[in-house]
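Enquirer: Numbering (our numbering), first residue to last: 2 to 243.
All residues carry an ideal CB built from backbone N, CA and C; glycine is no exception.
Supplied in structure tokens, the structure appears directly below.
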Amino acid sequence: MSMKRLVALLTAGSSLLFAVSPSMAGGSRAISCYQPVHEPAEYASVAETVMVRPAETVYETVPPVYGTEKRHVLVEPERVVRSVVPARYETVARKVLIHPARTVHRSSPPVYRKVAETVMVHPATERWEWRVINGHRVYCRVAVPARYATRYRKVVVDPGDSWTETIPAEYGVEHVRVEVEPARTREHVIPARYETVRETVVLEPARSVARTIPAEYDTRHRRVKVREGRSGWQQVHLRNSC
2 MSMKRLVALL TAGSSLLFAV SPSMAGGSRA ISCYQPVHEP AEYASVAETV
52 MVRPAETVYE TVPPVYGTEK RHVLVEPERV VRSVVPARYE TVARKVLIHP
102 ARTVHRSSPP VYRKVAETVM VHPATERWEW RVINGHRVYC RVAVPARYAT
152 RYRKVVVDPG DSWTETIPAE YGVEHVRVEV EPARTREHVI PARYETVRET
202 VVLEPARSVA RTIPAEYDTR HRRVKVREGR SGWQQVHLRN SC
């Protein structure tokens with residue numbers, strides 16, 4: 002019988018019991034009386050461990066470990082430098098012909114002299130002219146002397162001459178720049194150059210490390226039934242009734 006049906010029957014019986022009792026009070030006496038009894042189910046709290054997260058393996062990357070080390074590196078390789086040594090010159094003096102020997106014709110011009118001479122430019126003459134003598138104005142015959150002037154004329158003192166003259170060659174000194182030593186190429190070896198540098202090197206390469214994360218548990222409480230509930234009838238003794 003289900004619990005719901007049992008509770009329904011007990012409820013109906015209880016109603017019947019208390020409904021009949023008043024009617025019986027006047028005539029008949031109750032022989033025995035019962036009341037329904039119900040014991041509820043009993044529960045308890047049970048603790049249990051449950052896994053809230055399973056164990057897992059995690060892979061972690063460990064970075065590389067670096068360090069430094071000294072190393073000789075080539076900065077400049079050996080090389081040959083070629084340079085041109087220019088030619089060497091000196092200045093020397095040498096005799097050079099300026100004018101060659103030659104024959105020239107010479108001549109001396111004639112020599113003149115200026116000679117002064119007096120010449121009559123107007124002969125002596127007579128003329129008539131008025132004059133005042135002792136308060137008297139008279140007409141006189143006057144002698145006019147001759148007029149002379151100085152004139153210059155050129156006379157030849159030396160008629161001049163011509164002759165042939167030989168002029169010797171004319172030399173001079175000329176300064177000339179001459180090459181004493183020709184130009185040449187000179188080679189110079191420059192050795193290689195090294196430097197000591199600090200270089201970063203990998204001491205330990207990067208690696209992957211597995212790490213196990215354990216499972217995670219939790220304690221949870223659960224209510225469980227330890228005894229089923231019961232329902233039934235229990236006899237009761239009522240004073241002056243049963």
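By how many angstroms is the C-alpha of Glu49 removed from the C-alpha of Val63?
Expert: Sequence index remark: in the sequence shown, residue 63 carries index 62 (1-based). Sequence index remark: in the sequence shown, residue 49 carries index 48 (1-based). Distance between the alpha carbons of Val63 and Glu49 is about 39 Å.
Enquirer: Going by the CB atoms, is the gap between Glu61 and Arg212 shorter than 8 Å?
Expert: The residue you call residue 212 lines up with position 211 of the sequence shown. The residue you call residue 61 lines up with position 60 of the sequence shown. In this structure, Glu61 lies closer than 8 Å to Arg212 by Cβ.
Enquirer: What first and last residue would you give for the beta strand (DSSP E) that runs through Arg194?
Expert: Locating residue 194 in the sequence shown gives position 193, counting from the first residue. Residues Arg194 to Glu205.
Enquirer: Would you kindly report the start and end of the unbroken beta strand (DSSP E) that includes Pro37?
Expert: If you number the sequence shown from 1, residue 37 lands on position 36. First-last of the beta strand (DSSP E) with Pro37: Cys34 to Glu40.
Enquirer: Suppose contacts are defined by Cβ-Cβ distances below 8 Å. Is Ala139 in contact with Arg128 by that definition?
Expert: Taking the sequence shown and counting its residues from 1, one reaches residue 139 at position 138. Taking the sequence shown and counting its residues from 1, one reaches residue 128 at position 127. For the record, residue 139 in the displayed sequence is Val; it is not Ala. It is not a contact, given that the beta carbons lie outside the stated cut-off.
Enquirer: What separation, rounded to the nearest whole angstrom, lies between the Cα atoms of Ala193 and Arg199?
Expert: Stepping through the sequence shown from its first residue, residue 193 is reached at position 192. Stepping through the sequence shown from its first residue, residue 199 is reached at position 198. In a straight line, the C-alpha of Ala193 is about 20 Å away from that of Arg199.
Enquirer: Let me make sure I understand the geometry here. Which of Val53, Ser46, Val74 and Ile99 has the alpha-carbon closest to that of Gly173?
Expert: Position 172 of the sequence shown, counted from the start, is the residue given in the question as residue 173. It is Ile99.
Enquirer: Considering only the beta carbon of each residue, do Arg89 and Glu182 sit closer than 8 Å?
Expert: Position 88 of the sequence shown, counted from the first residue, corresponds to residue 89. Position 181 of the sequence shown, counted from the first residue, corresponds to residue 182. Closer than 8 Å, so yes.
Enquirer: Beta-carbon separation of Gly233 and Pro41 under 8 Å?
Expert: As a working note, residue 233 is residue 232 in the sequence shown. As a working note, residue 41 is residue 40 in the sequence shown. Result no, Cβ atoms of Gly233 and Pro41 do not sit closer than 8 Å.
Enquirer: I need the boundaries of the beta strand (DSSP E) containing Ala147, first residue and last residue.
Expert: Here residue 147 refers to the residue found at position 146 when the sequence shown is read from its first residue. No beta strand (DSSP E) contains Ala147, which DSSP labels as neither H nor E.
Enquirer: With distances taken Cα to Cα, identify the nearest neighbour of Arg83 among Asp162, Thr186, His137 and Arg228.
Expert: Within the sequence shown, numbered from 1, the residue matching residue 83 stands at position 82. Checked all of Asp162, Thr186, His137 and Arg228; the closest Cα to Arg83 is Thr186.
Enquirer: By alpha-carbon positions, which one of Thr165, Glu118 and Pro160 ends up nearest to Ala150?
Expert: In the sequence shown, the residue the question calls residue 150 occupies position 149. Among Thr165, Glu118 and Pro160, the Cα nearest to that of Ala150 belongs to Glu118.
Enquirer: Mapping DSSP to helix, strand and coil, what is Leu98?
Expert: Within the sequence shown, residue 98 is the residue found at index 97, counting from 1. Strand at Leu98.
Enquirer: I need the DSSP call for Arg154, collapsed to helix, strand or coil.
Expert: Taking the sequence shown and counting its residues from 1, the one referred to as residue 154 is at position 153. Three-state result, Arg154: strand.
Enquirer: CB His106 to CB Ser163, shorter than 8 Å?
Expert: Here residue 106 corresponds to residue number 105 of the sequence shown, with the count starting at 1. Here residue 163 corresponds to residue number 162 of the sequence shown, with the count starting at 1. For His106 and Ser163, yes; Cβs fall inside 8 Å.
Enquirer: Below 8 Å on the Cβ atoms is my guess for Val225 versus Tyr35; work out the distance and round it to an integer in Å.
Expert: Your numbering for residue 225 matches position 224 in the sequence shown. Your numbering for residue 35 matches position 34 in the sequence shown. The pair is not a contact, with the Cβ atoms about 33 Å apart (cut-off 8 Å).
Enquirer: Measure the beta-carbon distance from Arg223 to Val59 and round it to whole angstroms, keeping in mind my assumption that it falls under 8 Å.
Expert: Locating residue 223 in the sequence shown gives position 222, where the first residue counts as 1. Locating residue 59 in the sequence shown gives position 58, where the first residue counts as 1. Actually they do not touch by this definition, with Cβ atoms about 32 Å apart.
Enquirer: For Pro55, which of Ala216, Gln235, Arg221 and Gln236 has the nearest alpha-carbon?
Expert: The residue given as residue 55 occupies position 54 in the sequence shown. Looking at the Cα atoms, Ala216 is the closest of the given residues.
Enquirer: So, under 8 Å CB-CB, Gln262 and Val38 are touching, yes? Tell me the CB distance rounded to an integer number of Å.
Expert: Given a span of 2 to 243 for the chain in the structure shown, any question on residue 262 remains unanswerable.
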